[in-house]
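Asker: Before we start, here is the structure in question, set down as structure tokens.
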Amino acid sequence: MSLDWGLGALINLNHPGHYLHWHVIDVSVANLTVMVLMVVAFVAALVLPFPGRKHRKGEEK
Amino acid sequence: MSTTIDRQWTTRLRKRVEGTLPPEKLLPDTQPAYVASWIYVFGVLTLVAMAEVIGTGVILAIFGPQWWHVSSVGHFINSMHLWGVEIFFFAMIVHLWGKFAMAAWRGGRTLTWVTGAVTFLASILTAFTGYLSQTNFDSQWISTQAKDGINSTGGGAFFNVLNFGQMLMWHIVLMPIVAVALVAFHVILVRIKGVVPPIVENPEVGQ
Ligand code: HEM
């Protein structure tokens with residue numbers, strides 16, 4: 018059952034992880050990327066307008 | 150006669166459910182205006198990711214490791230399962246930050262927060278036993294590293310990370326039951342209490 022469509026991954030992950038060291042802190046680039054993306058998602062969720070918000074104004078308090 | 154009927158457990162249970170969670174509270178038509186924010190999406194996103202993880206996990210269970218290690222469809226479903234877990238934890242942590250920032254445990258919602266926190270811990274144990282169930286070098290490495298830590302607590306005699314059968318069953322039977330039950334309880338509590346009002350609008354809700 019081989020379904021090879023010749024699609025590679027966006028980023029080649031087929032190697033040992035890269036690590037960053039800073040004093041006692043030791044973190045892989047992959048984990049740090051996920052952490053940064055979580056912070057970005059959190060901030061974006063707070064600042065981006067939610068669609069359909071206008072309709073609801075004053076509907077219920 | 151009616152008093153004896155009132156004392157039946159079926160009647161008492163129905164009345165209790167009707168009282169604490171009437172259908173319009175369980176599935177409401179509208180939500181307060183402040184709920185129209187992306188931060189409220191992350192609880193449901195966590196739920197959706199959980200459903201995806203359970204669905205792909207069921208497919209993995211049907212065909213087994215000889216399938217998910219060698220066939221491309223098997224690899225694909227295995228990857229869906231892993232990436233679903235990534236989204237699950239991602240969404241759960243943003244959800245946690247959001248609830249922390251709005252102090253969503255106010256107004257008698259302590260148990261909602263606590264069930265969420267316990268679900269977080271249960272999810273970590275589920276993911277851990279999942280890594281031990283991969284049947285590859287990665288799971289061997291993780292289990293041989295983890296055994297020393299767990300043995301130092303004395304827990305190894307009961308929870309043996311080198312016991313593949315035990316870890317697999319914790320991963321695909323026990324922990325999913327625990328996690329789903331906790332999440333169901335968590336969401337029902339949210340529905341019973343309603344969404345917590347913003348801090349500024351309703352200061353008397355505090356404590
Ligand atoms: C499997 C993990 C989880 C799932 C599926 C989940 C799901 C949900 C959903 C669907 C809601 C209602 C919608 C919303 O406000 O976002 C909610 C509310 C809430 N969650 Fe979670 N949650 C999870 C984990 C957590 C964690 C880790 C915490 C914090 C420790 C937490 C704390 C809360 C609180 C306090 C509320 C009530 C918010 C309010 O009353 O306004 N949850 N959860």
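Residue numbers (this note's numbering), protein chains in the order written: chain G, 18 to 78; chain W, 150 to 356. C-beta: ideal position from N, C-alpha, C; glycine also. This structure is a prediction, so every number in the text was calculated from the model and none was measured.
(1) In the DSSP assignment, find the beta strand (DSSP E) that holds Val-44 (chain G) and state where it starts and stops.
(2) Note down the Cα distance separating Val-46 (chain G) from Tyr-36 (chain G), rounded to an integer number of angstroms.
(3) Using the beta-carbon of each residue, which ones in chain G are nearer than 8 Å to Val-243 (chain W)?
(4) Do you know how far the Cα of Arg-255 (chain W) is from the Cα of Thr-179 (chain W)?
(5) Taking just the CA atoms, how far does Arg-165 (chain W) sit from Pro-171 (chain W)?
(6) Rounded to the nearest angstrom, how far is the Cβ of Met-55 (chain G) from that of Phe-239 (chain W), given a contact under 8 Å?
(7) Could you check whether Leu-260 (chain W) and Leu-338 (chain W) sit closer than 8 Å to each other, using their CB atoms as the reference points?
(8) In chain W, which residues lie with their C-beta within 7 Å of the C-beta of Leu-65 (chain G)?
(9) With distances taken from CA atoms, which of W:Ser-272, W:Ser-292 and W:Arg-161 is nearest Val-327 (chain W)?
(10) How about Gly-34 (chain G): is its C-beta nearer than 8 Å to some C-beta of chain W?
(11) By the criterion of Cβ-Cβ separation under 7 Å, what are the contact partners of Trp-232 (chain W) in chain G?
(12) Relative to chain G, which residues along the region 191-213 of chain W have a C-beta separation below 9 Å, given in chain order?
(13) Following a CB-centred definition, is Ala-61 (chain G) positioned closer than 7 Å to any heavy atom of the ligand HEM?
(14) Between the alpha carbons of Val-207 (chain W) and Val-349 (chain W), how many angstroms are there, rounded?
(15) Using only the heavy atoms of the ligand HEM, determine whether one of them is closer than 7 Å to the beta carbon of Leu-344 (chain W).
(16) At the 8 Å Cβ level, is Trp-262 (chain W) part of the contact set with chain G, yes or no?
(17) On the DSSP bridge list, what partners appear for Leu-37 (chain G)?
(18) My guess is that Ile-188 (chain W) and Gly-233 (chain W) are in contact by the Cβ rule of under 8 Å, so how many angstroms apart are they, rounded?
(19) Val-46 (chain G) versus chain W: which residues are under 9 Å apart at the beta carbon?
(20) Closer than 9 Å by beta-carbon distance: list the chain W residues that pair up with Val-51 (chain G), in chain order.
(21) Under a Cβ-count criterion, where at least 16 other Cβ atoms within 10 Å of its own Cβ denotes burial, should Asn-300 (chain W) be classed as buried or exposed?
(22) In whole angstroms, what separates the C-alpha of Thr-50 (chain G) from that of Val-57 (chain G)?
(23) Within 10 Å of its beta-carbon, does Ile-226 (chain W) have 16 or more other beta-carbons around it, so buried, or fewer, so exposed?
(24) Just verifying my parser: in three-state terms, what is the DSSP assignment at Asp-21 (chain G)?
(25) Just the Cα atoms here: how many angstroms apart are Ile-42 (chain G) and Arg-163 (chain W)?
Answerer: Once the coordinates are examined:
(1) 42-45
(2) 6 Å
(3) Met-55, Ala-58, Phe-59 and Ala-62
(4) 21 Å
(5) 10 Å
(6) 6 Å
(7) yes
(8) Trp-187
(9) W:Ser-272
(10) no
(11) Near Trp-232 (chain W) there are no residues of chain G at all, since even the closest Cβ is about 11 Å away, more than 7 Å.
(12) Phe-191
(13) no
(14) 45 Å
(15) With the sequence shown as reference, residue 344 (chain W) is identified as Val, and Leu is not the correct amino acid for it. Yes, the Cβ of Val-344 (chain W) comes within 7 Å of a heavy atom of the ligand HEM.
(16) no
(17) G:Val-44
(18) 22 Å between Cβ atoms; not a contact.
(19) The contacting residues do not exist; Val-46 (chain G) stays about 15 Å from chain W at best.
(20) Glu-235, Phe-238 and Phe-239
(21) exposed
(22) 10 Å
(23) buried
(24) Model confidence at Asp-21 (chain G) stands at a pLDDT of 48, short of 50, so the residue's coordinates are unreliable; what they give is reported in the following sentence. Asp-21 (chain G): coil per DSSP, three-state reduction.
(25) 55 Å
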